[in-house]
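Some notes on the structure that comes next.
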């Protein structure tokens, strides 16, 4: 079989990459006392839960993303199509060059199976077939890709095709690709595909080509790996978007134009997991304290976090951070979900970030008659106390005469 594009280059360099990996592991070990020195021209490491950038190298330089493009392609398809829909391959799809499922014109394959081919084998023909099925044409689909990029804040990205074959007007940045990958990993169907090393698909014509195997050697090399996507063109070099989860944390790494993309990705992941740690107050909706309520049938109301109160900090500085609550006093009536102050993360006593608090339940106001009764009762008690005090003084005065 003749392999072109990413497949050909990878086939030639697999043995060398494995040799370099073993030499790197044995020589460098797994200790990350300082920021890793990645070989990629551009790279970024992001904490998925917070979006914090833990490492970056040339993160905002526009570069060709190669097949990392297919992450966005998969997002658009997953959000607009059912997995069991069947796609009919067009002549344009069947003639798409380089990495391929070898689709034949008129062949029918499910959206699910084409997504496996897209994300594991990196099939360019699958990208075109899915684009045409989803939007009616490749051009309309690409417009949707660019709209989604802007929606996610990937403002230095411009797509002109759904597969990533080189075009001077097709570019992105490590930072933008991290935004896209982070968003994609929130989709359970996307995660279920990219974590697989291989899959069997169903086809209506080419029954001798049913296995799709992931090009992501990262899945084999790193214990905590979750995927995501490889990329290669001559202009882009070797690229990778990687995700890994450990002890409840997920990291997203992007490496662009790297001679050792797997090693770079693993180095970044180890740095993120070993040298950074989360400072956690609680998750969104978690009760964290009470707030005072004036004129309510209850004197206090429980408050909860309006969003996760989590922040990652350098492990060596973790003792310098702590969460504090700064609630505000409320006047009844109080509705559930009302602003109730802030949870503030302090570093050496100085605010770093704040997370809004919301009331967890409603508190009704005391009835006006009840407040009047309390006020009247208070006045009566005061008058009675003054009267007794005056009477006692008068008796003492008379007794002294």
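In our numbering, the protein residues as written are 28 to 428. Where a beta carbon is used, it is the ideal one built from N, C-alpha and C, also for glycine. Keep in mind that this is a model prediction, so the values were computed, not measured.
*Buried or exposed: where does residue 171 fall if 16 or more other Cβ atoms within 10 Å of its Cβ makes it buried?*
Working through the chain shown from its first residue, we reach residue 171 at position 144. It is buried - the Cβ of residue 171 has at least 16 other Cβ atoms within 10 Å.
*asked:* Which same chain residues end up closer than 8 angstroms to residue 164 when comparing Cβ atoms and leaving out the 5 residues on each side of it in sequence?
replied: As a first step, residue 164 must be located in the chain shown, where it is residue number 137. 158.
*Buried or exposed: where does residue 244 fall if 16 or more other Cβ atoms within 10 Å of its Cβ makes it buried?*
For the purposes of this step, residue 244 is identified with residue 217 of the chain shown, where counting begins at 1. Buried, since its Cβ has 16 or more Cβ neighbours within 10 Å.
*Going by Cα to Cα distance, which pick from 239, 294, 290, 276 is closest to residue 150?*
Position 123 of the chain shown, counted from the start, is the residue given in the question as residue 150. If you compare the alpha carbons of 239, 294, 290, 276 with that of residue 150, the shortest gap goes to 239.
*Taking the C-alpha atoms as reference points, what is the distance between residue 15 and residue 359?*
There is simply no residue 15 to check, as the chain begins at 28 and stops at 428 in what is shown.
*Which residue's Cα is closest to the Cα of residue 134: 122, 231, 327?*
Here residue 134 refers to the residue found at position 107 when the chain shown is read from its first residue. Per the Cα distances, 231.
*residue 197: buried (16+ other C-beta within 10 angstroms of its C-beta) or exposed?*
The residue you call residue 197 lines up with position 170 of the chain shown. Classification for residue 197: buried.
*asked:* Suppose the cutoff is 8 angstroms on Cβ atoms and the five residues either side in sequence are ignored; what does the same chain contact list for residue 70 look like?
replied: For this step, residue 70 is matched to residue 43 along the chain shown. If we look at residue 70 and ignore the five residues flanking it on each side, its Cβ neighbours are 82, 83, 84, 85, 86, 201, 280, 281, 282, 283, 285, 291, 295.
_On the DSSP letters alone, give me the boundaries of the beta strand (DSSP E) that residue 8 sits inside._
No answer is possible for residue 8: it lies beyond the span of the chain, which begins at 28 and ends at 428.
*In terms of alpha-carbon separation, which member of 261, 220, 369 lies closest to residue 378?*
Your numbering for residue 378 matches position 351 in the chain shown. Nearest of 261, 220, 369 to residue 378, Cα basis: 369.
*Using 10 angstroms around the beta-carbon of residue 313, count the other beta-carbons present and answer buried if the total reaches 16, otherwise exposed.*
To locate residue 313, count along the chain shown from 1; it is residue 286. Under this definition residue 313 is an exposed residue.
*Given a cut-off of 8 angstroms, decide if residue 145 and residue 77 are closer than it, judged by their beta-carbon atoms.*
To locate residue 77, count along the chain shown from 1; it is residue 50. To locate residue 145, count along the chain shown from 1; it is residue 118. No, the pair does not count as a contact, with Cβ atoms beyond the cut-off.
*For residue 102, count neighbouring Cβ atoms within 10 angstroms of its own Cβ and tell me buried if that reaches 16, exposed if not.*
Counted from its first residue, the chain shown places residue 102 at position 75. By the 10 Å Cβ count, residue 102 comes out buried.
*asked:* Measuring CB atoms only, is the segment 124-139 touching the segment 169-185, in the sense that at least three cross pairs come out at less than 8 angstroms?
replied: no
*Delimiting residues of the alpha helix (DSSP H) encompassing residue 91*: Here the question's residue 91 lines up with position 64 in the chain shown. That residue, residue 91, is in no alpha helix (DSSP H); it is neither H nor E in DSSP.
*Specify the secondary structure class of residue 212 as computed by DSSP and reduced to three states.*
By one-based count along the chain shown, residue 212 stands at place 185. Reduced to three states, the DSSP call for residue 212 is coil.
_DSSP three-state assignment for residue 253, whether helix, strand or coil_ = The count along the chain shown starts at 1 and reaches residue 253 at position 226. In this structure, residue 253 counts as strand in the three-state DSSP scheme.
_Just to confirm my understanding: we take residue 236, look at its own chain, exclude 5 residues before and 5 after, and list those with CB closer than 8 angstroms. What are they?_
What you label residue 236 is simply residue 209 of the chain shown in a count that begins at 1. Result list for residue 236: 128, 129, 230, in chain order.
*Which same chain residues, not among the five before or five after residue 337, have their C-beta less than 7 angstroms away from its C-beta?*
Translated into the one-based positions of the chain shown, residue 337 becomes position 310. Excluding positions up to five away in sequence, the list reads 76, 77, 305, 307.
*Give me the Cβ distance between residue 121 and residue 106, rounded to the nearest whole Å; I'm assuming they're in contact under 8 angstroms.*
Here residue 121 refers to the residue found at position 94 of the chain shown. Here residue 106 refers to the residue found at position 79 of the chain shown. 26 angstroms between Cβ atoms; not a contact.
*On the three-state DSSP scale, how would you describe residue 324?*
For the purposes of this step, residue 324 is identified with residue 297 of the chain shown, where counting begins at 1. The answer is coil: DSSP assigns residue 324 none of H, G, I, E or B.
*Quickly, what does DSSP pair residue 240 with across the bridge? List them, please.*
Position 213 of the chain shown holds residue 240. Bridge partners of residue 240: 225.
*Under a Cβ-count criterion, where at least 16 other Cβ atoms within 10 Å of its own Cβ denotes burial, should residue 353 be classed as buried or exposed?*
Within the chain shown, numbered from 1, the residue matching residue 353 stands at position 326. Exposed.
*By DSSP, does residue 317 sit in helix, in strand, or in coil?*
Counting from one through the chain shown, the residue named residue 317 turns up at place 290. In this structure, residue 317 counts as strand in the three-state DSSP scheme.
*asked:* Does the segment 264-281 come into contact with the segment 245-256, if we say contact requires no fewer than three beta-carbon pairs (one atom in each stretch) closer than 8 angstroms?
replied: yes
*Secondary structure, alpha helix (DSSP H): runs of 4+ residues fully inside the segment 116-189*: Correct list: 118-121, 138-143, 151-162, 165-179.
*Identify, in the order they occur along the chain, each residue of the same chain with its Cβ nearer than 6 angstroms to the Cβ of residue 52, setting aside the five sequence neighbours on each side.*
Your numbering for residue 52 matches position 25 in the chain shown. Bear in mind that the predicted position of residue 52 carries a pLDDT of just 40, short of 50, making it too unreliable to give a figure here.
*Pull up the distance between the alpha-carbon of residue 287 and that of residue 388, whole angstroms please.*
The sequence position of residue 287 within the chain shown is 260, counting from 1. The sequence position of residue 388 within the chain shown is 361, counting from 1. The C-alpha of residue 388 is placed about 54 angstroms away from the C-alpha of residue 287.
*asked:* Cutting at 8 angstroms between CB atoms, please list the residues of its own chain near residue 5, excluding the five before and the five after it.
replied: Here the chain covers residues 28 to 428 and nothing more, so residue 5 does not appear.
*How would you call residue 91, buried or exposed, if buried means at least 16 neighbouring beta carbons within 10 angstroms?*
Within the chain shown, residue 91 is the residue found at index 64, counting from 1. Buried, since its Cβ has 16 or more Cβ neighbours within 10 Å.
_Nearest neighbour of residue 345, chosen from 289, 112, 374 [CA to CA]_ = Mapped onto the chain shown, residue 345 falls at position 318. For the residues 289, 112, 374, the minimum Cα distance to residue 345 belongs to 374.
*Return the first residue and the last residue of the alpha helix (DSSP H) that residue 293 is part of.*
Here residue 293 corresponds to residue number 266 of the chain shown, with the count starting at 1. Residues 288-302.
*Hey, could you find the ends of the beta strand (DSSP E) residue 278 is sitting in?*
Indexing the chain shown from 1 puts residue 278 at position 251. Note, residue 278: beta strand (DSSP E), 276-283.
_Those residues which DSSP pairs with residue 349 across a bridge_ = As a position in the chain shown, residue 349 is number 322, starting the count at 1. Paired residue(s): 373.
_Suppose contacts are defined by Cβ-Cβ distances below 8 angstroms. Is residue 361 in contact with residue 324 by that definition?_
Translated into the one-based positions of the chain shown, residue 361 becomes position 334. Translated into the one-based positions of the chain shown, residue 324 becomes position 297. No; because the gap between Cβ atoms is not below 8 angstroms, this pair is not in contact.
*Where does residue 389 sit, in a helix, a strand or coil, going by DSSP?*
Locating residue 389 in the chain shown gives position 362, where the first residue counts as 1. Three-state DSSP puts residue 389 in coil, outside helix and strand.
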